[in-house]
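For the sequence shown, position 33 matches number 33 in the numbering used here, and the numbering has no gaps at all. Backbone N, C-alpha and C define an ideal beta-carbon position, used for all residues, glycine too.
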Amino acid sequence: GNLTGTIPDSIVNLFKLQNLQLSMGLSGRIPDFLSRLKRLTYLDLSPNSFTGSIPPTLGQLTSLTYLAIFNNKLSGSIPQSLGRLTRLDHLDLSGNFLTGPIPASLSHLTNISR
């Protein structure tokens with residue numbers, strides 16, 4: 001079956017988790033506690049029905065090489081803190097309701113080719 005509802009906080013007990021893909025059926029806000037999964041290299045939360053803003057705490061996941069949060073219902077601006085994710089080679093925030101300028105800090109993401 002599909003996971004529906006919100007991301008359970010018990011997921012932080014999987015502290016060695018490196019790849020997390022949660023697609024289809026999730027809603028609510030993207031929780032700050034995901035930032036406790038320090039070993040994540042791959043995070044895909046697309047597509048879902050997440051609302052609210054992109055949590056600045058995602059900038060603490062400095063091992064990430066892949067971050068996709070496309071086709072959700074996110075609003076607000078892109079957090080400056082995502083510029084700390086210098087290992088990223090893939091970033092997709094498309095298909096949301098984001099506003100404001102692209103933060104200058106994203107220029108630090110030199111591994112992203114396009």
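For residue 71 and residue 40, the rounded distance between their alpha carbons: Position 40 of the sequence shown, counted from the first residue, corresponds to residue 40. Position 71 of the sequence shown, counted from the first residue, corresponds to residue 71. Between residue 40 and residue 71, the C-alpha separation is close to 21 Å.
For residue 71, three-class secondary structure by DSSP: Position 71 of the sequence shown, counted from the start, is the residue given in the question as residue 71. Residue 71 falls in the coil class under three-state DSSP.
Alpha carbon of residue 66 to alpha carbon of residue 10, nearest angstrom: Walking along the sequence shown from the start, residue 66 turns up at place 66. Walking along the sequence shown from the start, residue 10 turns up at place 10. Going from the Cα of residue 66 to the Cα of residue 10 covers about 23 Å.
Buried or exposed (CB count within 10 angstroms, at least 16 for buried), residue 30: Counting from 1 along the sequence shown, the entry for residue 30 is found at position 30. Per the 10 Å Cβ criterion, buried.
Simplified DSSP state of residue 33, which is helix, strand or coil: Looking up residue 33 in the sequence shown gives position 33. Here residue 33 sits in helix by DSSP.
According to DSSP, residues forming a beta bridge with residue 51: For the purposes of this step, residue 51 is identified with residue 51 of the sequence shown, where counting begins at 1. Answer is 29.
Rounded separation between residue 95 and residue 13 - CA only: Residue numbering aside, residue 95 sits at position 95 when the sequence shown is read from its first letter. Residue numbering aside, residue 13 sits at position 13 when the sequence shown is read from its first letter. Straight-line Cα distance between these residues: approximately 31 Å.
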